[in-house]
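Trainee: Following this message is one structure expressed as structure tokens.
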Amino acid sequence: MKPSFTFRFALSGIWKNKQIYIPYLLTGVVNVSLFYMLATLISHSKLKEIYGGEQVATMLGLGAWVVGIFSVIFLFYSNSFLIKRRQKEFGLYSVLGMGKKELSRTLFCEFIMTTFISLAGGFLTGLLLNRLVFLLLVKILKLKAVLEPEFSLSAVTLTAELFGGIFLLSFLVQLFRVSISRPIELVRGSNTGEKEPRTKWILTILGIASIATGYAMAMSQENALQALQSFFIAVLLVIFGTYCLFIAVSIAILKLLRKKKSFYYKPGNFTAVSGMLYRMKQNGVGLASISILSTMVLLTVATTLSLYAGIDDVLKDRFPVDLSVNAYSVTAENEDRFTEAIRKAITDNGNTASDETSYTYYLYPASMDKNKVEIVPDSDLFTMDMVQFTILTDKEYEKNTGESLGLTPGQAALESSAKFGYDTISVGKSSFSITKIDKDKSLLSQEANTITMYNLILTESDLDQVLAEYGLDKNDTDYNYKANLSGTKEQQVACAAALNIEGRIVVAPDLSASAYVESKAGMLDEVASIYGSLFFIGIFLGIVFLLGTVLIIYYKQISEGYDDAARFSVMRKVGMSQGEIRGTIQRQIILVFFLPLLVAVTHILVAYRYMTQILQVMGFVNPTLFMLCTGACLLVFALVYGAVYLLTAKAYYRIVK
Amino acid sequence: MPILEVNQLKKTYVTRLGSVKVEALKNVTFSVDEGEYVAIMGESGSGKTTLLNLVATLDRPTGGEILLEGKSVSAIPEKKLAKFRRDRLGFVFQDFNLLDTFNVRDNIYLPLVLSGANHKEMESRIEPLAEKLHITDILKKYPYEISGGQKQRAAVARALMNRPAMLMADEPTGALDSKASDQLLKLFAEINREKQTILMVTHSARAACRASRVLFIRDGEVYHQLYRGQMNDDELYHRISETWTVLATGGEEK
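Going line by line, the protein sequences match chains A and B. Position one of the first sequence corresponds to residue 17 (my numbering), numbered consecutively onward. Position one of the second sequence corresponds to residue 8 (my numbering), numbered consecutively onward.
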């Protein structure tokens, strides 16, 4: 075969299969451009210089790989579909006397063309959209500096290598499939009788059980730390269960329906039930993948969007004041020296402090049973069943709030992050009657919400008694300083930096303590860069997942269209009207199409509680905002999904007709 | 009274771009009486399948008319055609057209289910029919599990479930071996003896010689017809063969 003929032949091969090839190439182009844009961002020379840029680059890199992995999956899926559909065509060529060598050459030519179109299209799109993406990143990360898009050769080579590799592998798979096949089999292709699916009872039961367990886990989580630990198990259970649901449970249900004669032998149900039975066998895995992908898209975008939109809430909750310093294992009598050192750092950097509080307190891990607290002084780690137990004296409290509690020995004041429904509390052998403290009069901040916190305020004599019982050193206290600052963002950040010398606060050469210094202004950038890049990646992954979903749906519809065309022509001959056929088709498509969406939405509704708790760990405590974001994402997704439905249904009708 | 009357039937196909017209049927006139077994013979491209499709209301004629049980088929609105088809007609095809997604029983039920019949009624009808067609044992099997002859008998059962006014068969033996063909043709003769009207399209003399009348179609026209009269199958077979030879060698007589 002459090279020019091979080329023309390959071109016509692509053109004749454009119904399958166009989505394939489109997937290639979009994934190449997304990956390329991410790669360009990561390799940008200025990115690492901006504040938090290192983190942003790491996260974008992670995102890029996820995009890459899913590109592999989706392109391979399209490729296998392509091979299956073209088997007959290849077989015909063989029968007509085209040797495997020529066929391979044609395939190679097609591979070169698809690779070229995908890469060129992807790079072009990437270059065109790069400016937009840079603007988006700057806007989302709330950067002051403007990142100018720059051309990165390394990004181009990386993208070309990755996708060239994917296409090369796809080509090799095609070659392998053609080489092991015999012409007659190729011509016959998919026309072998399809066995009726069998009910897989074990999978059915396992599937129901694992979804039920996953759902129960999601709905019964009481605290965030627990949720975080069990989340992945629940996700795996639900993913497994979803596959079982579509592969086995659906068939079991349909078979039960078929057994019910008065239901089954009705005009609409008859064709629908039997048709669905086979569809589920062929498409169970595909439909399950669609619904899991949809769930992933929705959760990824909804959570990242909520985190991003809720940055201010997060900061307000996490940082009630501009500057917060915690120093650990400070001797009580040194309290004033620490306060002085902090005040000096504040004024040195051009700030003045207001709303100052400072106090010493005792912080211990403790176990809690109803209203009985047992301090576990030796434990450095908090485990899930432990609470964070803080004690301070009424003097410290009154000094800072100006509120008089009027406590007498045997009385205590309590604030807690969990509900506490008792009138007394016992710590070790001592027992106290309690008065509760209003939230707005609270001295101790509700910092991290991952663990349940109890803050107990005692008289000094009671404190001594408790400490003595556990043999704790009264001089070994922790120290807290909080204040609002008047300076600019830079001055505030500088002040925090001056106080934090490699994790320690240094008052004098002979006095220092390990410390944790937090500046709200400094955190704003950090949190914005973390959540911003999460959201940014969320958008990218959302596009990739959505595209994958659309691709799978489209291919499903087309392959089913070819199978169904034969069936419907028989039904028409046997006496089904065009209208009835259209009705049946519509019902089937809608069922097949919207079942995954329905399952995805159910998953999300059940996961809602879970997600709010996990977001809580990340400092996000605004369920309403999360609900809004999820709702918005669902709406957008449903709209896109609906549009894809209309498009593919059209393609399907064309084939069936 | 004729159950089917075909008067000056014409069908012209126009190619998609409208430039070339193909006359599949020029002028076909014949009738089928109740209880008759009529075979229509013709070579490939003679228009016999077009004729069957028109009678089956799967296609609309360009000219002429078709009267089934005295009623003009073209007067039936499109919406009611499907119902008419499944209530009054039964079909047997060359390639069986059984659905792989249904077992044999459900395939046979299909037309009645579409008509909204009660499943108890269907059960009572299928039993004697299955008995007669020797398919009782395979009712639970799927089309891909049974032989061609069994498939075609199942298809016949499906066609007879609605007790049609006329059973129409398009090359019913075309995909069967000679033994299965013989069995099927015997069955057709048997059914016909029970007063079932049959209209069969074929190009096999072996199949046509069982009929009570044979129509020959060439180039879209009825070219000749043979009545069985007192002839037995073999005699009719010889007459058919002779006519067929004349037809094939291009005799111009009419």
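Backbone N, C-alpha and C fix where the C-beta goes; we use that ideal spot for every residue, glycine too.
V29 (chain B) and T19 (chain B) look like a contact to me (Cβ under 8 angstroms); what is the Cβ gap, rounded to whole Å?
Mentor: Along the second sequence, one-based indexing puts residue 29 (chain B) at 22. Along the second sequence, one-based indexing puts residue 19 (chain B) at 12. With 8 angstroms as the limit, V29 (chain B) and T19 (chain B) qualify as a contact, their Cβ atoms being about 7 angstroms apart.
Trainee: Starting from H141 (chain B), follow its DSSP beta bridges and name the residues at the other end.
Mentor: Start at 1 with the first residue of the second sequence, and residue 141 (chain B) comes out as number 134. None; H141 (chain B) has no bridge partner.
Trainee: Starting from A499 (chain A), follow its DSSP beta bridges and name the residues at the other end.
Mentor: Position 483 of the first sequence, counted from the first residue, corresponds to residue 499 (chain A). BP columns for A499 (chain A) point to A:L339.
Trainee: Under 8 angstroms, CB to CB, which of the residues in the segment 595 to 629 of chain A have a partner in chain B?
Mentor: Going along the segment 595 to 629 of chain A in chain order, one finds G595 and E596 with a Cβ nearer than 8 angstroms to chain B.
Trainee: For N491 (chain A), count neighbouring C-beta atoms within 10 Å of its own C-beta (all shown protein chains included) and say buried if the count is 16 or more, exposed if not.
Mentor: On the first sequence, position 475 is the one that residue 491 (chain A) refers to. N491 (chain A) should be labelled exposed.
Trainee: Provide the residue span of the alpha helix (DSSP H) that contains G98 (chain B), from first to last.
Mentor: Residue numbering aside, residue 98 (chain B) sits at position 91 when the second sequence is read from its first letter. According to the sequence provided, residue 98 (chain B) is Phe. The question's Gly does not apply to it. Note, F98 (chain B): premise wrong, no alpha helix (DSSP H); beta strand (DSSP E) at L96 to V99.
Trainee: Does the count of Cβ pairs from the segment 522 to 530 of chain A and the segment 405 to 414 of chain A closer than 8 angstroms reach three?
Mentor: With a cut-off of 8 angstroms, the segment 405 to 414 of chain A and the segment 522 to 530 of chain A do not count as touching, because too few Cβ pairs lie within range.
Trainee: With a cut-off of 8 angstroms, do at least 3 Cβ pairs link the segment 635 to 651 of chain A to the segment 317 to 332 of chain A?
Mentor: Yes: at least three Cβ pairs fall under 8 angstroms.
Trainee: To the nearest angstrom, report how far apart L557 (chain A) and D113 (chain B) are at their CA atoms.
Mentor: Position 541 of the first sequence, counting from 1, holds the residue named residue 557 (chain A). Position 106 of the second sequence, counting from 1, holds the residue named residue 113 (chain B). Going by the C-alpha atoms only, they are around 47 angstroms apart.
Trainee: Roughly how many angstroms lie between the CA atoms of D439 (chain A) and A428 (chain A), to the nearest whole one?
Mentor: Numbered from 1 along the first sequence, position 423 holds the residue referred to as residue 439 (chain A). Numbered from 1 along the first sequence, position 412 holds the residue referred to as residue 428 (chain A). Spanning the two alpha carbons is a distance of roughly 10 angstroms.
Trainee: What residue from B:E138, B:C216 and B:A255 has the CA that sits closest to D226 (chain B)'s CA?
Mentor: On the second sequence, residue 226 (chain B) is found 219 positions in, with the first residue counted as 1. Nearest C-alpha to D226 (chain B): B:A255.
Trainee: Could you list which residues in chain B have their beta carbon closer than 9 angstroms to that of K589 (chain A), in chain order?
Mentor: Start at 1 with the first residue of the first sequence, and residue 589 (chain A) comes out as number 573. What K589 (chain A) touches in chain B: A63, L65, R92, F98, F100 and N104.
Trainee: Y570 (chain A) and T468 (chain A) look like a contact to me (Cβ under 8 angstroms); what is the Cβ gap, rounded to whole Å?
Mentor: Here the question's residue 570 (chain A) lines up with position 554 in the first sequence. Here the question's residue 468 (chain A) lines up with position 452 in the first sequence. With 8 angstroms as the limit, Y570 (chain A) and T468 (chain A) do not qualify as a contact, their Cβ atoms being about 50 angstroms apart.
Trainee: Jot down the residue ranges of each uninterrupted alpha helix (DSSP H) in the segment 35 to 108 of chain A, minimum 4 residues, whole runs only, in chain order.
Mentor: Runs found: none.
Trainee: Along chain A, which residues have their Cβ under 8 angstroms away from the Cβ of K86 (chain B)?
Mentor: As a first step, residue 86 (chain B) is located in the second sequence; it is residue number 79 there, counting from the start. Near K86 (chain B) (Cβ distances below 8 angstroms), the residues of chain A are S593 and G595.
Trainee: If the cut-off is 7 angstroms on Cβ atoms, which residues from the segment 638 to 656 of chain A count as contacting chain B, listed in chain order?
Mentor: The residues in question: there are none.
Trainee: State the DSSP-derived secondary structure class of M129 (chain B), mapped to helix, strand or coil.
Mentor: Residue mapping note: residue 129 (chain B) aligns to position 122 of the second sequence, counting from 1. Looking at M129 (chain B) - three-state DSSP - the assignment turns out to be helix.
Trainee: If we ignore side chains and look at the alpha-carbon of each, how far apart do H60 (chain A) and V46 (chain A) end up?
Mentor: For the purposes of this step, residue 60 (chain A) is taken as residue 44 along the first sequence, with counting starting at 1. For the purposes of this step, residue 46 (chain A) is taken as residue 30 along the first sequence, with counting starting at 1. H60 (chain A) and V46 (chain A): Cα-Cα distance of roughly 21 angstroms.
Trainee: Apart from the five residues on each side of it in sequence, which residues of its chain come closer than 7 angstroms, Cβ to Cβ, to L244 (chain A)?
Mentor: Taking the first residue of the first sequence as 1, we reach residue 244 (chain A) at position 228. Cβ within range, chain order: I630 and V633.
Trainee: For L32 (chain B), collect the residues of the same chain with a Cβ closer than 7 angstroms to its Cβ; drop the 5 residues on either side in sequence, then sort them by chain order.
Mentor: For this step, residue 32 (chain B) is matched to residue 25 along the second sequence. Around L32 (chain B): L16, K17, K18, G54, T57, L58 and G227.
Trainee: Report the rounded CA-to-CA distance for A232 (chain A) versus Y624 (chain A), giving the unit in angstroms.
Mentor: Sequence index remark: in the first sequence, residue 232 (chain A) carries index 216 (1-based). Sequence index remark: in the first sequence, residue 624 (chain A) carries index 608 (1-based). Cα to Cα, A232 (chain A) sits roughly 13 angstroms from Y624 (chain A).
Trainee: So D240 (chain B) is in the alpha helix (DSSP H); what residue range does that whole segment cover?
Mentor: The residue labelled residue 240 (chain B) in the question sits at position 233 within the second sequence. Counting along the chain, the alpha helix (DSSP H) containing D240 (chain B) begins and ends at D240 to T256.
Trainee: Around the Cβ of N125 (chain B), are there at least 16 other Cβ atoms within 10 angstroms (buried) or fewer (exposed)?
Mentor: Within the second sequence, numbered from 1, the residue matching residue 125 (chain B) stands at position 118. With fewer than 16 Cβ atoms within 10 Å of its Cβ, N125 (chain B) is classed as exposed.
Trainee: Under 8 angstroms between the Cβ atoms of A182 (chain B) and Q101 (chain B)?
Mentor: If you number the second sequence from 1, residue 182 (chain B) lands on position 175. If you number the second sequence from 1, residue 101 (chain B) lands on position 94. Yes, Cβ-Cβ distance for A182 (chain B) and Q101 (chain B) is below 8 angstroms.
Trainee: Would you mind sorting K78 (chain B) into buried or exposed? The rule is 16 or more other CB atoms within 10 Å of its CB.
Mentor: Here the question's residue 78 (chain B) lines up with position 71 in the second sequence. Flag for K78 (chain B) reads exposed.
Trainee: Return the residues of the segment 282 to 313 of chain A that lie within a Cβ-Cβ distance of less than 8 angstroms from chain B, sorted by chain order.
Mentor: Residues passing the 8 angstroms Cβ filter: K282, P283, F286, S290, G291, L293 and Y294.
Trainee: G291 (chain A) lies in the alpha helix (DSSP H); which residues open and close that run?
Mentor: Taking the first residue of the first sequence as 1, we reach residue 291 (chain A) at position 275. First-last of the alpha helix (DSSP H) with G291 (chain A): P283 to A325.
Trainee: Quick check on P9 (chain B): does DSSP put it in helix, strand or coil?
Mentor: Position 2 of the second sequence, counted from the start, is the residue given in the question as residue 9 (chain B). Strand.
Trainee: Give me the Cα-Cα distance between V221 (chain B) and R246 (chain B), rounded to the nearest whole angstrom.
Mentor: Working through the second sequence from its first residue, we reach residue 221 (chain B) at position 214. Working through the second sequence from its first residue, we reach residue 246 (chain B) at position 239. Looking at the two C-alpha atoms, the distance is approximately 10 angstroms.
Trainee: With which residues is H231 (chain B) paired in a DSSP beta bridge?
Mentor: Residue numbering aside, residue 231 (chain B) sits at position 224 when the second sequence is read from its first letter. Looking at the DSSP assignment, H231 (chain B) forms a beta bridge with B:F223.
Trainee: Any contact of the segment 157 to 177 of chain B with the segment 92 to 112 of chain B, i.e. 3+ C-beta pairs under 8 angstroms?
Mentor: As far as the Cβ criterion goes, the segment 157 to 177 of chain B touches the segment 92 to 112 of chain B, which means the pair count is three or higher.
Trainee: Are the C-beta atoms of E576 (chain A) and some chain B residue less than 8 angstroms apart?
Mentor: For the purposes of this step, residue 576 (chain A) is taken as the residue at position 560 of the first sequence. No, E576 (chain A) does not count as interfacial toward chain B.
Trainee: For V111 (chain B), would you say it is in contact with chain A, using Cβ-to-Cβ distances shorter than 8 angstroms as the test?
Mentor: Residue numbering aside, residue 111 (chain B) sits at position 104 when the second sequence is read from its first letter. So, not an interface residue.
Trainee: Please report how far the alpha carbon of S206 (chain A) lies from the alpha carbon of M296 (chain A), in whole angstroms.
Mentor: One-based indexing of the first sequence puts residue 206 (chain A) at position 190. One-based indexing of the first sequence puts residue 296 (chain A) at position 280. Because the pLDDT at S206 (chain A) is just 47, under 50, the model does not fix this residue reliably, and the value given afterwards should be weighed accordingly. S206 (chain A) and M296 (chain A): Cα-Cα distance of roughly 17 angstroms.
Trainee: What are the boundary residues of the alpha helix (DSSP H) that includes V194 (chain A)?
Mentor: Working through the first sequence from its first residue, we reach residue 194 (chain A) at position 178. Segment L169 to I196, the alpha helix (DSSP H) holding V194 (chain A).
Trainee: Tell me S370 (chain A)'s beta-bridge partners as DSSP assigns them.
Mentor: One-based indexing of the first sequence puts residue 370 (chain A) at position 354. S370 (chain A) pairs with A:N500.
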